[in-house]
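Engineer: Be aware that the sequence shown starts at 13, since it is given in my numbering, and climbs by one per residue.
Beta carbons are placed, not taken as given, at the ideal position from N, Cα and C, and that holds for glycine.
Note that the structure is predicted; figures quoted are calculated from it, not measured.
Let me begin by handing over the structure; questions about it come next.
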Amino acid sequence: MLMSIRFVDFGYKISHSIISLAIVMLSLLIAPYVQLIKWSAMGVLIHFILLSSILLATASDPKMGNASLYGFSYLFIVYSLPKDLLNKDFFTQTGSLLFLFFCWFSVILYRKHREKNRGKSLFRKNFLKDIYSQQKIWMLSYAFGISLLIVAGEYVPFQRLMWAGFAFSSIVSSYGLMSIGFKERAVDRIISSLIGCALFIGISQFIPFAWVGILGGLALGICSTYRYKTIFNCFG
Numbered sequence: 013m014l015m016s017i018r019f020v021d022f023g024y025k026i027s028h029s030i031i032s033l034a035i036v037m038l039s040l041l042i043a044p045y046v047q048l049i050k051w052s053a054m055g056v057l058i059h060f061i062l063l064s065s066i067l068l069a070t071a072s073d074p075k076m077g078n079a080s081l082y083g084f085s086y087l088f089i090v091y092s093l094p095k096d097l098l099n100k101d102f103f104t105q106t107g108s109l110l111f112l113f114f115c116w117f118s119v120i121l122y123r124k125h126r127e128k129n130r131g132k133s134l135f136r137k138n139f140l141k142d143i144y145s146q147q148k149i150w151m152l153s154y155a156f157g158i159s160l161l162i163v164a165g166e167y168v169p170f171q172r173l174m175w176a177g178f179a180f181s182s183i184v185s186s187y188g189l190m191s192i193g194f195k196e197r198a199v200d201r202i203i204s205s206l207i208g209c210a211l212f213i214g215i216s217q218f219i220p221f222a223w224v225g226i227l228g229g230l231a232l233g234i235c236s237t238y239r240y241k242t243i244f245n246c247f248g
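Structural data, given as structure tokens:
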């Protein structure tokens with residue numbers, strides 16, 4: 013987020029961009045605690061509201077990649093914090109830390125982007141203009157898909173469900189970002205996943221298992237296309 017905020021704004025005037033940042037931080041603070049809710053439908057609804065709020069606040073220009081960045085951040089936080097860690101003290105500590113980050117990032121936003129988008133309002137853009145646009149429908153569909161996947165994952169005995177979330181996010185979150193279409197990305201995901209699994213099995217026979225993830229991360233860093241990134245995602 014730090015590197016992104018330095019170079020990419022949220023597409024609104026500075027006061028509303030800081031409000032958008034507050035929405036992101038508050039949503040990320042609340043997100044892990046949704047898993048404590050017993051009713052699945054309510055869990056899906058709250059995840060949907062939180063993630064939709066993040067996307068509406070940050071992804072006014074999908075080509076800048078904020079949807080992918082914050083969608084991945086949401087998934088990572090939700091899947092990284094087990095239920096037994098979530099208590100009042102942890103909430104207070106996390107809230108304090110996120111507040112410090114909010115203050116820090118707000119200063120960066122102001123210094124780097126205060127002259128941009130002076131006439132663009134967060135609220136007018138999202139609630140008074142183009143409410144039924146294709147972009148809004150994409151955002152809400154993305155948020156609902158991720159929300160459903162997170163809650164459904166509680167009933168699936170799959171150890172690395174977070175990576176399924178990443179796979180879904182990487183396909184859907186690229187609206188307006190690349191010329192490659194959704195269907196082509198889905199086909200690439202399937203083919204590249206099969207290749208990646210085969211490579212993972214083969215390479216893990218010759219190098220220590222702990223090194224496989226590191227190798228995959230290094231390979232991801234030099235890949236420039238979705239197809240090859242998908243292959244090395246399998247190493248995670």
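#1: Drop a sphere of 10 angstroms on the beta-carbon of Leu206, count the other beta-carbons inside from all chains shown, and report buried for 16 or more, exposed for fewer.
#2: Cα separation between Ala210 and Pro220?
#3: Taking DSSP as the reference, what is the three-state secondary structure of Gln217?
#4: Assuming Lys128 and Arg18 form a contact by the criterion Cβ under 8 Å, report the distance between their Cβ atoms to the nearest whole angstrom.
#5: Suppose you measure from the CA of Tyr45 to the CA of Val163; what does that come to, to the nearest Å?
#6: Give the secondary structure of Arg18 by DSSP, where H, G and I count as helix, E and B as strand, and everything else as coil.
#7: Taking DSSP as the reference, what is the three-state secondary structure of Ala71?
#8: Between the region 22-34 and the region 58-73, do three or more beta carbon pairs fall short of 8 Å?
Structural biologist: Here's the rundown:
#1: Residue numbering aside, residue 206 sits at position 194 when the sequence shown is read from its first letter. It counts as exposed.
#2: Within the sequence shown, the letter at position 198 stands for residue 210. Within the sequence shown, the letter at position 208 stands for residue 220. Their backbone Cα atoms lie some 17 Å apart in a straight line.
#3: On the sequence shown, residue 217 is found 205 positions in, with the first residue counted as 1. Reduced to three states, the DSSP call for Gln217 is coil.
#4: Translated into positions along the sequence shown, residue 128 becomes position 116. Translated into positions along the sequence shown, residue 18 becomes position 6. Separation of the CB atoms of Lys128 and Arg18 is rounded to 13 Å, and the pair is thereby denied contact status at 8 Å.
#5: Along the sequence shown, read from residue 1 onward, the residue named residue 45 stands at position 33. Along the sequence shown, read from residue 1 onward, the residue named residue 163 stands at position 151. If you draw a straight line from the Cα of Tyr45 to the Cα of Val163, it comes to about 12 Å.
#6: Taking the first residue of the sequence shown as 1, we reach residue 18 at position 6. Assigned with DSSP and collapsed to three states, Arg18 falls in helix.
#7: Here residue 71 refers to the residue found at position 59 of the sequence shown. In this structure, Ala71 counts as coil in the three-state DSSP scheme.
#8: With the cut-off at 8 Å, the region 22-34 and the region 58-73 touch.
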